[in-house]
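Student:
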Ligand SMILES: *[C@@H]1O[C@H](CO)[C@@H](O)[C@H](O)[C@H]1NC(C)=O
Ligand SMILES: *[C@@H]1O[C@H](CO)[C@@H](O)[C@H](O)[C@H]1NC(C)=O
Ligand SMILES: *[C@@H]1O[C@H](CO)[C@@H](O)[C@H](O)[C@H]1NC(C)=O
Ligand SMILES: *[C@@H]1O[C@H](CO)[C@@H](O)[C@H](O)[C@H]1NC(C)=O
Ligand SMILES: *[C@@H]1O[C@H](CO)[C@@H](O)[C@H](O)[C@H]1NC(C)=O
Ligand SMILES: *[C@@H]1O[C@H](CO)[C@@H](O)[C@H](O)[C@H]1NC(C)=O
Ligand SMILES: *[C@@H]1O[C@H](CO)[C@@H](O)[C@H](O)[C@H]1NC(C)=O
Ligand SMILES: *[C@@H]1O[C@H](CO)[C@@H](O)[C@H](O)[C@H]1NC(C)=O
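Residue numbers (mature numbering (1 follows the signal peptide of the UniProt record, and there is no 0)): -18 to -1, 1 to 537.
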């Protein structure tokens, strides 16, 4: 029998010390006791396999990942080191929502360390800057990760994207990022969570890029329901001995002097000279920065492409090998004293920022895409398609080839793929542009099959499709109207957890520019029939108009 004293000791040993929720007020972060909270720590993710992303000068991007928060032994190995920095936060870029994170999360919590968690996954699990969309597939990935982590007291913030926009041309992605922020915020709040919704931006060049500040303002403007809570900037402008506040950061801080929300460096640590001196740390937490800035995360605990690793891990994974890069960071970070100004009681209120207009260096429309509507997509799949996609559920190469083929074939018939296409510049979002690839391909196949007057060859697609003549043409049209009639007014609503039941396949969602996205078609393709009936196209044309009407403007 356990003695009371032993029982108490056992309870104490197993009890998790809860970390308090950090909140934002104006442009600062605060703990519940009213003290300022500065983010201080390191990024914590092993390097995945990387591939060049096809853009000149762009950083290679990972194609896979190792979930660092599912590795209990790894966390136990690393936490003493991270604690020795007197860190209070780590950033984790990709996790597998199916795995058990309880050991790592409670160990970090017990060490007083919060987690800033990115929701995107490599390749098909992120907004594809080359062909952006915000779909049921992506929403499912994001909500599954949130569901797996909301139980932990030390989830500080979730990032809805990392460096999605990286040029003038890719600012077309911004409406999709903002729609993701809107829907993820609604989802978190519906679960009673005040976890912060954040975005991590890459830094442009002062001389050649005009988009960084408009993007930051775009994500912060408009109503609270569509704006981010926390802005992260991946910034490598301070390079060792040559760095200085005036030369490296003053212009950035000035650009954010009227920003309404907290901003921090979601990555920092230039590697032009190794070992890094980390002489920027006292400035980052010093009086020149803290009026506008809330700390930062040094990149990267683990080895990373480009020489950013702070430590190595022994080949048997049991020990951590540090060098002077680590010890210099350790001596700087552990020496930081936070400036507790202002406290929450005297934090000034901030004014809203204006939403930036469109110009040649900022292409984003203020009309956001609707909330991905799994019920609508399932309704179409169940009742409106006479020719269903039956190919592989998750092979984006096959799906990409079929999108190109069928949209080109529709184009040759004077039709198009607007129904499944989204355009963040014009702010037009086809009525099925938020659906998964299986639904979108089934729509395109059915349209083509109808245009062929239900010629069996019109529903072949090299064995990737199955005719469903139980759905007559008129029944398909009636069903399509009925599916659209149940879309919530305005197209924006609070998502529910992975309700889709759709396969989590990508539909053009690739951080590295995959090809599985619908194009608007138009190239000629050999088809043996002419357009004889425009019935389904007519209905779906009307649906497109409905979709445009349903889209929501920021202001
Ligand atoms: C996630 O974990 C599950 C369960 O172990 C596994 O089946 C799946 O392959 C993992 N996914 C990835 C992308 O690693
Ligand atoms: C070490 O950990 C990595 C994941 O971080 C894993 O891929 C590798 O197989 C592990 N090696 C050993 C020897 O356990
Ligand atoms: C980690 O390993 C790399 C590659 O061997 C080496 O260049 C680097 O100096 C090592 N870093 C530390 C801290 O040992
Ligand atoms: C630690 O911080 C103090 C100021 O708070 C400073 O004077 C001292 O030089 C710092 N030490 C190191 C090693 O950076
Ligand atoms: C576009 O507008 C932004 C302000 O939103 C401005 O900073 C930028 O210079 C403009 N770019 C061009 C090419 O006009
Ligand atoms: C499906 O489409 C792909 C791409 O066009 C093709 O390679 C494949 O042979 C088709 N058939 C099946 C059964 O996957
Ligand atoms: C969106 O529309 C603009 C303006 O018509 C066009 O230049 C751009 O290529 C379109 N984007 C996509 C992804 O189709
Ligand atoms: C695409 O087709 C629809 C419906 O037929 C039509 O209203 C629309 O103008 C077409 N769009 C383009 C870009 O051709």
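Cβ coordinates follow ideal geometry from the N, Cα and C atoms, glycine included. Note that the coordinates shown come from a computational prediction; the quantities given were computed from them, not determined experimentally.
Mind pulling the alpha helix (DSSP H) runs of 4 or more residues that sit fully within the stretch 419 to 460?
Tutor: 419 to 433
Student: List the endpoints of the continuous alpha helix (DSSP H) containing residue 393.
Tutor: Residue range 378 to 394 is occupied by the alpha helix (DSSP H) that includes residue 393.
Student: With a threshold of 6 Å, establish whether the CB of residue 408 neighbours any heavy atom of ligand 7.
Tutor: It does: the Cβ of residue 408 is within 6 Å (strictly closer) of some heavy atom of ligand 7.
Student: Would you say the beta carbon of residue 398 comes nearer than 6 Å to a heavy atom of ligand 8?
Tutor: yes
Student: Can you give, in chain order, each stretch of the beta strand (DSSP E) that sits fully within the stretch 174 to 216 and has at least 3 residues?
Tutor: 178 to 184
Student: Whose CA, out of 149, 152, 153 and 164, lies closest to the CA of residue 141?
Tutor: Comparing Cα-Cα distances from residue 141 to each of 149, 152, 153 and 164, the minimum goes to 164.
Student: Look up residue 145 in the DSSP assignment and give the residues it is bridged to.
Tutor: Bridge partners of residue 145: none, in fact.
Student: Label residue 254 either buried or exposed according to how many other C-beta atoms from any shown protein chain fall within 10 Å of its C-beta, with 16 as the threshold for buried.
Tutor: exposed
Student: Specify whether the stretch 236 to 256 and the stretch 192 to 204 touch according to this definition: at least 3 beta carbon pairs, one from each stretch, less than 8 Å apart.
Tutor: Here the stretch 236 to 256 makes contact with the stretch 192 to 204; the two share three or more CB pairs at distances below 8 Å.
Student: With a 10 Å radius around its C-beta and 16 neighbouring C-beta atoms as the bar for buried, classify residue 248 as buried or exposed.
Tutor: When all chains shown are included, residue 248 counts as buried.
Student: Should the stretch 318 to 338 be regarded as contacting the stretch 6 to 26, the criterion being three or more beta carbon pairs within less than 8 Å?
Tutor: yes
Student: In angstroms with no decimal places, state the Cα-to-Cα distance between residue 2 and residue 421.
Tutor: 43 Å
Student: Quick one, are the C-beta atoms of residue 74 and residue 103 less than 7 Å apart?
Tutor: Going by C-beta atoms, residue 74 is not nearer than 7 Å to residue 103.
Student: Can you list, in chain order, every residue whose CB sits closer than 6 Å to a heavy atom of ligand 6?
Tutor: 373, 380, 383, 384, 444, 445 and 446
Student: CB residue 472 to CB residue 157, shorter than 7 Å?
Tutor: no
Student: Taking DSSP's pairing of strands, which residues face residue 344 in a bridge?
Tutor: 341
Student: What would DSSP say about residue 2, mapped onto helix, strand or coil?
Tutor: coil
Student: Please check the pair residue 408 and residue 432, which I expect to be a contact at CB under 8 Å, by giving their CB distance rounded to whole angstroms.
Tutor: Actually they do not touch by this definition, with Cβ atoms about 27 Å apart.
Student: Can you list the alpha helix (DSSP H) stretches of 4 or more residues lying completely in the stretch 213 to 238, in chain order?
Tutor: 232 to 237
Student: Could you pull the start and end residues of the alpha helix (DSSP H) that residue 310 belongs to?
Tutor: 306 to 315
Student: Using the beta-carbon count (16 or more within 10 Å), is residue 440 buried or exposed?
Tutor: buried
Student: Do residue 202 and residue 242 have their CB atoms nearer than 7 Å?
Tutor: Yes, the Cβ-Cβ distance between residue 202 and residue 242 is below 7 Å.
Student: Can you give the Cα-Cα distance for residue 81 and residue 52, rounded to whole angstroms?
Tutor: 6 Å
Student: Could you tell me whether the stretch 224 to 232 touches the stretch 252 to 267, using the rule of 3 or more Cβ pairs below 8 Å?
Tutor: yes
Student: Closer than 7 Å by C-beta to residue 20: which residues in its own chain qualify, once you throw out the five before and the five after it? Chain order, please.
Tutor: Residues of the same chain with a CB within less than 7 Å of the CB of residue 20, apart from the 5 flanking positions on each side, are 267, 276, 277 and 320 in chain order.
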